[in-house]
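Worksheet for the structure shown next.
Numbering (the working numbering), first residue to last: 328 to 654.
Structure follows, in structure tokens:
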């Protein structure tokens with residue numbers, strides 16, 4: 328495989344409403360793997376359908392079209408969308424049914440709107456502080472309950488014909504920092520991590536979740552020094568080999584200060600691929616997007632990236648798209 332398909336490794340955000348001509352040319356000319364959409368990119372479901380239809384028309388390889396629609400705290404679409412309250416999840420007898428109904432309805436609407444990857448469920452365990460980045464986003468406080476409800480959500484989403492993405496591996500709940508602003512750190516034992524934060528991800532994997540998103544956190548029992556974004560111990564050794572995940576792994580946004588303050592975005596892109604990620608998520612910063620792709624291309628051509636592994640990653644992405652993504 329040549330470097331012509333390196334764009335498949337990138338999921339990019341848009342700046343403002345719709346597509347600029349410059350972004351459109353970059354997107355189609357580099358066979359970009361997909362986009363992530365935010366509320367600022369469209370006005371209502373009808374406009375969203377027009378946007379996603381246009382995106383699908385831009386190239387020979389259908390793009391992933393992703394959106395954060397968590398049904399809990401973070402939702403980019405309000406129109407005709409359910410929302411799960413804390414009260415809805417408080418009754419263990421009814422919570423599975425409510426989760427199933429809410430995520431099924433959401434996935435149907437997303438599919439009808441041209442979205443093919445729902446960046447949900449959040450299967451982190453919640454943090455204790457009121458200001459925590461996960462406040463109001465989690466499916467419960469107990470690891471076994473979150474694992475159960477997360478699996479229900481994955482099944483509900485994927486049974487409607489789009490992909491689910493469990494996030495944020497290896498778990499943010501025990502961190503005090505918000506990776507949007509600062510590199511997060513989790514201090515715990517390997518046994519404690521395995522019995523708590525790992526359980527919902529293991530259950531999602533057993534349910535056949537298509538995607539897992541990592542995050543910018545140093546999880547001490549897995550890697551004392553590197554954040555998950557850059558760590559082959561976390562991604563290759565733990566997530567793939569130990570937990571047995573065979574799906575697609577995407578970074579969290581590489582423009583977040585938790586990772587970009589201490590590393591350049593192009594360098595992070597190469598290191599994240601080396602760690603075992605399949606996709607690089609870069610939201611809204613068009614210059615950073617262009618620079619990262621060019622840096623990855625040079626690393627590929629100079630063999631600073633393992634070419635055979637990158638080629639295998641691209642083949643895996645294209646095979647997945649043939650199976651699951653309609654043009």
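The C-beta atom is built at its ideal place from N, Cα and C for all residues, glycine as well.
Computed from a predicted structure; not experimentally measured.
- Of all alpha-carbon atoms in 503, 651, 346 and 356, the one lying nearest the alpha-carbon of residue 620 is that of 356.
- Listed in chain order, the non-local C-beta contacts of residue 605 below 8 Å within the same chain comprise 336, 575, 576, 577, 640, 643 and 644, local neighbours out to five positions each way being set aside.
- Between residue 398 and residue 429, the C-beta gap is smaller than 7 Å, which places the two residues in contact.
- The C-beta separation of residue 411 from residue 426 comes to about 7 Å, placing the pair in contact by the 8 Å criterion.
- The closest CA to that of residue 497, considering only 594, 440 and 570, is found on 570.
- If the five residues before and after residue 616 are omitted, its C-beta is found closer than 6 Å to the C-beta atoms of 339 and 609, all from its own chain and listed in chain order.
- Taking the Cβ atoms as the reference, residue 599 lies roughly 25 Å from residue 530, outside the contact range of under 8 Å.
- With a cutoff of 7 Å on beta-carbon distance, residue 492 and residue 528 are scored as not near each other.
- Secondary structure of residue 368 (DSSP, three-state): helix.
- Bridge partners of residue 402 according to DSSP: 396.
- Our two residues, residue 432 and residue 485, have alpha carbons roughly 12 Å apart in a direct line.
- For residue 501, no alpha helix (DSSP H) segment is defined, and its DSSP state is neither H nor E.
- Under the DSSP assignment, residue 541 falls in the beta strand (DSSP E) whose first and last residues are 538 to 541.
- Straight-line spacing of the CA atoms in residue 584 and residue 464 works out to 21 Å.
- Annotated as proximal: residue 586 and residue 556, with beta-carbon spacing under 7 Å.
- In its chain, beyond the 5 residues on either side, 567 have a beta carbon closer than 8 Å to the beta carbon of residue 573.
- For residue 337, the uninterrupted beta strand (DSSP E) run begins and ends at 337 to 340, by DSSP.
- In this structure, 553 is the residue among 362, 536, 468 and 553 with its C-alpha nearest to the C-alpha of residue 602.
- The distance from the Cβ of residue 332 to that of residue 490 is about 20 Å, inconsistent with a contact at the 8 Å cut-off.
- Annotation: residue 373 to residue 549 spans about 45 Å, alpha carbon to alpha carbon.
- Cβ-Cβ distances below 7 Å link residue 628 to 330 in the same chain, with the five nearest sequence neighbours on each side left out; the list follows chain order.
- Apart from the 5 residues on each side of it in sequence, residue 460 sits with its Cβ closer than 6 Å to the Cβ of 505 in its chain, given in chain order.
- Per DSSP, the continuous beta strand (DSSP E) segment holding residue 513 begins and ends at 511 to 513.
- At a cut-off of 3 residues, the continuous stretches assigned as beta strand (DSSP E) that sit fully inside the segment 536 to 576 are 538 to 541 and 544 to 546.
- The alpha carbon of residue 520 has as its nearest neighbour, out of 561, 481 and 540, the alpha carbon of 561.
- In the three-state scheme derived from DSSP, where H, G and I count as helix and E and B as strand, residue 450 is classed as coil.
- Each residue's CA atom was taken as its position, placing residue 525 and residue 535 some 16 Å apart.
- Counting every other CB atom within 10 Å of its CB across the protein chains shown gives residue 343 a total below 16, marking it as exposed.
- Residue burial annotation: residue 380 is exposed, with fewer than 16 other C-beta atoms found within 10 angstroms of its C-beta.
- Cα atoms of residue 376 and residue 440: separation of roughly 5 Å, rounded to the nearest angstrom.
- The C-beta of residue 364 has 16 or more other C-beta atoms within 10 Å across all chains shown, which makes the residue buried.
- Contact between residue 388 and residue 358 holds: their C-beta atoms lie close to 6 Å from each other, under 8 Å.
- Between residue 416 and residue 477, the gap from beta carbon to beta carbon reaches 7 Å or more.
- Considering only 386, 443, 499 and 413, the residue with the shortest C-alpha distance to residue 542 is 499.
- Under the 10 Å beta carbon count, residue 403 is surrounded by 16 or more other beta carbons and is classified as buried.
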